[in-house]
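**Q** Sharing a structure here in structure tokens format.
Residue numbers (full-length UniProt numbering), protein chains in the order written: chain A, 1 to 348; chain B, 1 to 382.
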């Protein structure tokens, strides 16, 4: 495979409320920032991720092209998925060898909808959605399964995950300022309100470059030495919810276990997903998980996964890590998982 | 362009207004199984699945790839979901081809669908406040002014749209999968239908269809059966609100065509291409795209249509399958164009086969005529 690296990453200062900007307005400064950081004004390929159901209108991604100023016309595509999957598509496109750079972005405004309810519409429309199971309820099923198996999802462990994530989030200028977790009320047992990632508005962008161009654009490119994703059956009853088989498969395919992992940025929309993913990815004890605060400190849907790649890459780019792992997910209860390994050295 | 890639299987459902007998999962699986059968393969032979469809609001299922993973045999594999407005079917094929061309996978299943009977697409496409002022109703309301501007610029006579509406429906009578099969279709019949959006009459528009289309793509060493080789792929997008953009003949369409022709070594599309499947949802888009795609000089496209050049027995048949005017499961319509182009160069298009077709164009567009996806497929290895 061709060597491809993240050479620039930018994100909005995420907000827990509607900050009065539409998607295009939110996106524009982030695009300008990665253009400045990479020094590239145009790109061989562009790919984005977003979801119409947040805005409740068809074609919510169309206006993003105006923010991009796609003129002259650009080679561009869009996934109705998290921006991390757009990054995967761009990485594949760079493998062709005829273009050397790609712009990837994602945006999402949770404030425009009720995420918890709208996620119900992601379920099988005939057999599952009519049951009215909302996102927190099906996540709670997974939390119970993980707890029953004794996989590090007991109350004390979850409290510590949230406390750590929120503290790290407070130290991250882009994440929300959330207080230490408190209160003993269940949201949907065994999950408490603070186990759920907060509704967030935000956008992010990443620039990928291949080979010599990457070396030219960045002092320490974050080389993507492995990237893979896998989906598993949709029906919760067909899965062992206490494990993530697809995350484990993706991690193996991406080569997570081939070396030490300094930092892992995991797409944990609920606190109990951290121990499940830690186990699936086979992360060593020394790995620092979600030093950015992770999704529990800022969860702009459709961007959260791309931010994980960006945050992992940032630590390679700034020299604070040599090998990092990024994870993104889609679908109910970690149905679909993407894992990328980012390294300072091209160790293919 | 990367590694060689070929279409080795095509599967379609019979397009119709309502498929009450199948779920969404049943619909996509029907197309997928037919494509696999055509390729002599099973789900076990597939490395990855790429699925495309137009806005999720059409069926009311958010990001339905999660729910459709099981029906498409995707569990344990990578699955991607593409959405690029009306061009999505074409883009989905290109994302699938990219996985093969990039050397990531050997065999990829590409599926696109729409089950329009689950909702009303015209209203789903009429965006409203606070997103934009509702100036138009449906896609026809948006595109009719562009058509009128084309007529003004080119001086095309009023009946050109009618000719396309008749020609594509005559072709549809030869395609067992086509939705609108109107025996004895004639100009009089089209002209007798109500005016919906001046100058577009009822029979000059595409239908709302339920349907799915699937193709199997393979790397050179994984080819089974009869391949249609991919000779070029291209996507182009431009902003919808850019002042000064030409919505009648968009630059993105011209650039996309130039890119895909360059890859396939096409100097003169009308001479070099044997058959084209082009996204014509309203009859007048045939002459407009004839010019945008370089088959005719500016202002001359309607003359080709009028002279019968684009008919099944013309020198450059367009939409031998009946096109979008005869079948329109929106999210699948682009992939159907790409798949029909492949069927033609594989010599497997049945009664609407263009004799000796060696090189074919598949085309799709979407949004405010701002998203374009195209490929060239051929019977010979590139």
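The beta carbon of each residue, even a glycine, is placed where N, CA and C say it ideally should be.
No experiment lies behind these values; they were computed from the predicted model shown.
Check whether the Cβ of residue 255 (chain B) lies closer than 8 Å to any Cβ atom in chain A.
**A** The sequence position of residue 255 (chain B) within the second chain is 255, counting from 1. Yes, because at least one Cβ of chain A sits closer than 8 Å to the Cβ of residue 255 (chain B).
**Q** Measuring alpha carbon to alpha carbon, tell me which residue in B:84, B:376 and B:83 is nearest residue 231 (chain B).
**A** Reading the second chain from its first residue, position 231 is the one you call residue 231 (chain B). It is B:376 whose Cα lies nearest to the Cα of residue 231 (chain B).
**Q** Let me see if you follow: with CB-CB separation under 8 Å, is residue 83 (chain A) close to chain B or not?
**A** The sequence position of residue 83 (chain A) within the first chain is 83, counting from 1. No, no contact with chain B.
**Q** In angstroms, rounded to a whole number, what distance separates the CA positions of residue 10 (chain B) and residue 145 (chain A)?
**A** Along the second chain, read from residue 1 onward, the residue named residue 10 (chain B) stands at position 10. Along the first chain, read from residue 1 onward, the residue named residue 145 (chain A) stands at position 145. Looking at the two C-alpha atoms, the distance is approximately 42 Å.
**Q** Give the straight-line distance between the Cα atoms of residue 329 (chain A) and residue 124 (chain A), rounded to the nearest whole angstrom.
**A** In the first chain, the residue the question calls residue 329 (chain A) occupies position 329. In the first chain, the residue the question calls residue 124 (chain A) occupies position 124. The straight-line gap from Cα to Cα measures roughly 18 Å.
**Q** Which first and last residues belong to the beta strand (DSSP E) in which residue 5 (chain B) is found?
**A** In the second chain, the residue the question calls residue 5 (chain B) occupies position 5. Element bounds for residue 5 (chain B): 5-12.
**Q** Between B:50, B:179 and B:203, which has its C-alpha nearest residue 161 (chain B)'s C-alpha?
**A** In the second chain, residue 161 (chain B) corresponds to position 161, counting from 1. Nearest option by C-alpha distance: B:203.
**Q** Does DSSP classify residue 61 (chain B) as helix, strand or coil?
**A** Here residue 61 (chain B) corresponds to residue number 61 of the second chain, with the count starting at 1. In this structure, residue 61 (chain B) counts as coil in the three-state DSSP scheme.
**Q** Have a look at A:95, A:331 and A:325 and flag the residue whose alpha-carbon is nearest the alpha-carbon of residue 209 (chain A).
**A** If you number the first chain from 1, residue 209 (chain A) lands on position 209. Cα-wise, what sits closest to residue 209 (chain A) is A:95.
**Q** List, in order along the chain, the chain A residues whose C-beta lies closer than 8 Å to that of residue 125 (chain B)?
**A** Mapped onto the second chain, residue 125 (chain B) falls at position 125. Within chain A, the residues near residue 125 (chain B) are 58.
**Q** What residue ranges within the stretch 103-171 of chain B form continuous beta strand (DSSP E) runs of no fewer than 3 residues, ordered along the chain?
**A** Segments of the beta strand (DSSP E) lying fully in the stretch 103-171 of chain B: 107-115.
**Q** What number of angstroms, rounded off, separates the C-alpha of residue 138 (chain A) from the C-alpha of residue 57 (chain B)?
**A** Within the first chain, numbered from 1, the residue matching residue 138 (chain A) stands at position 138. Within the second chain, numbered from 1, the residue matching residue 57 (chain B) stands at position 57. About 23 Å.
**Q** When the distance is taken between beta carbons, is residue 294 (chain A) closer than 8 Å to residue 202 (chain A)?
**A** For the purposes of this step, residue 202 (chain A) is taken as the residue at position 202 of the first chain. For the purposes of this step, residue 294 (chain A) is taken as the residue at position 294 of the first chain. Against a cut-off of 8 Å, the Cβ pair of residue 294 (chain A) and residue 202 (chain A) comes out as no contact.
**Q** Looking at the C-beta of residue 57 (chain B), does it have a partner C-beta in chain A at a distance below 8 Å?
**A** As a position in the second chain, residue 57 (chain B) is number 57, starting the count at 1. Cβ-Cβ to chain A under 8 Å: yes for residue 57 (chain B).
**Q** Using a Cβ cut-off of 8 Å, pull out every chain B residue sitting near residue 93 (chain A), in sequence order please.
**A** The count along the first chain starts at 1 and reaches residue 93 (chain A) at position 93. Result: 98 and 102.
**Q** Do residue 224 (chain B) and residue 8 (chain B) have their C-beta atoms within less than 8 Å of each other?
**A** Mapped onto the second chain, residue 224 (chain B) falls at position 224. Mapped onto the second chain, residue 8 (chain B) falls at position 8. Closer than 8 Å, so yes.
**Q** For residue 358 (chain B), which of B:338, B:380 and B:15 has the nearest alpha-carbon?
**A** Here residue 358 (chain B) refers to the residue found at position 358 when the second chain is read from its first residue. It is B:380.
**Q** If we cut at 8 Å on Cβ distances, does residue 348 (chain A) have a partner in chain B?
**A** Here residue 348 (chain A) refers to the residue found at position 348 of the first chain. Legend: pLDDT at residue 348 (chain A) = 48, less than 50; position of this residue unreliable, no value from coordinates given.
**Q** Among residues of its own chain, excluding the 5 on either side of residue 47 (chain B), which ones have a beta-carbon nearer than 7 Å to its beta-carbon?
**A** As a working note, residue 47 (chain B) is residue 47 in the second chain. So the list reads 77, 105, 106, 107 and 108, once near-sequence residues are dropped.
**Q** Nearest by alpha-carbon distance to residue 237 (chain A): which of A:333, A:135 and A:339 is it?
**A** Taking the first residue of the first chain as position 1, residue 237 (chain A) is located at position 237. Of A:333, A:135 and A:339, the residue nearest in Cα terms is A:333.
**Q** Just how far apart, CA to CA, sit residue 264 (chain A) and residue 6 (chain A)?
**A** Residue 264 (chain A) sits at position 264 when you count from the first residue of the first chain. Residue 6 (chain A) sits at position 6 when you count from the first residue of the first chain. Each residue's Cα considered, the two are about 16 Å apart.
**Q** With which residues is residue 213 (chain B) paired in a DSSP beta bridge?
**A** On the second chain, residue 213 (chain B) is found 213 positions in, with the first residue counted as 1. In the DSSP output, where bridge partners are listed per residue, residue 213 (chain B) has B:12 and B:112.
**Q** Between residue 323 (chain A) and chain B, is there a C-beta pair that is closer than 8 Å?
**A** In the first chain, the residue the question calls residue 323 (chain A) occupies position 323. Taking Cβ atoms only, chain B never reaches closer than 8 Å to residue 323 (chain A), which makes this a no.
**Q** Quick test of your reading: residue 171 (chain B) and residue 283 (chain B), contact by CB under 8 Å. State the CB separation rounded to the nearest angstrom.
**A** If you number the second chain from 1, residue 171 (chain B) lands on position 171. If you number the second chain from 1, residue 283 (chain B) lands on position 283. Rounded, the Cβ-Cβ distance is 13 Å, inconsistent with contact.
**Q** If we count Cβ pairs, one from each stretch, closer than 8 Å, do we get three or more for the stretch 141-148 of chain B versus the stretch 237-244 of chain B?
**A** Touching, no.
**Q** Mapping DSSP to helix, strand and coil, what is residue 292 (chain B)?
**A** Against the second chain, residue 292 (chain B) aligns to sequence position 292. In the structure shown, residue 292 (chain B) sits in a helix (DSSP, three-state: H, G or I).
**Q** Specify whether the stretch 77-84 of chain A and the stretch 41-59 of chain A touch according to this definition: at least 3 beta carbon pairs, one from each stretch, less than 8 Å apart.
**A** Output reads yes: the stretch 41-59 of chain A touches the stretch 77-84 of chain A.
**Q** Could you tell me whether the Cβ of residue 251 (chain B) comes closer than 8 Å to any Cβ of chain A?
**A** Against the second chain, residue 251 (chain B) aligns to sequence position 251. Interface residue, yes.
**Q** Give me the DSSP bridge partner(s) of residue 22 (chain A).
**A** Position 22 of the first chain, counted from the first residue, corresponds to residue 22 (chain A). Its beta-bridge partners do not exist; DSSP assigns none.
**Q** First and last residue of the beta strand (DSSP E) that includes residue 109 (chain A)?
**A** Within the first chain, the letter at position 109 stands for residue 109 (chain A). Run containing residue 109 (chain A): 101-109, per the beta strand (DSSP E) assignment.
**Q** Taking residue 197 (chain B) as part of the beta strand (DSSP E), name the residues at either end of that continuous run.
**A** Locating residue 197 (chain B) in the second chain gives position 197, counting from the first residue. From DSSP, the beta strand (DSSP E) with residue 197 (chain B) extends over 195-197.
**Q** Is the Cβ of residue 223 (chain A) closer than 8 Å to any Cβ of chain B?
**A** Numbered from its first residue, the first chain carries residue 223 (chain A) at position 223. It does not; no Cβ of chain B falls within 8 Å.
**Q** Taking the alpha carbon of residue 212 (chain A) as the reference point, which residue from A:205, A:221 and A:204 has its own alpha carbon closest?
**A** The residue you call residue 212 (chain A) lines up with position 212 of the first chain. Measuring from the Cα of residue 212 (chain A), the nearest candidate turns out to be A:221.
**Q** Which residue from A:234, A:283 and A:336 puts its Cα closest to that of residue 228 (chain A)?
**A** Here residue 228 (chain A) refers to the residue found at position 228 when the first chain is read from its first residue. When each option's Cα is compared against that of residue 228 (chain A), the closest is A:336.
**Q** Just the Cα atoms here: how many angstroms apart are residue 325 (chain A) and residue 247 (chain A)?
**A** Along the first chain, read from residue 1 onward, the residue named residue 325 (chain A) stands at position 325. Along the first chain, read from residue 1 onward, the residue named residue 247 (chain A) stands at position 247. Cα to Cα, residue 325 (chain A) sits roughly 12 Å from residue 247 (chain A).
**Q** Any heavy atom of the ligand HEM closer than 7 Å to the CB of residue 344 (chain B)?
**A** In the structure shown, the ligand HEM is absent, as is every other ligand, since no ligand is present at all.
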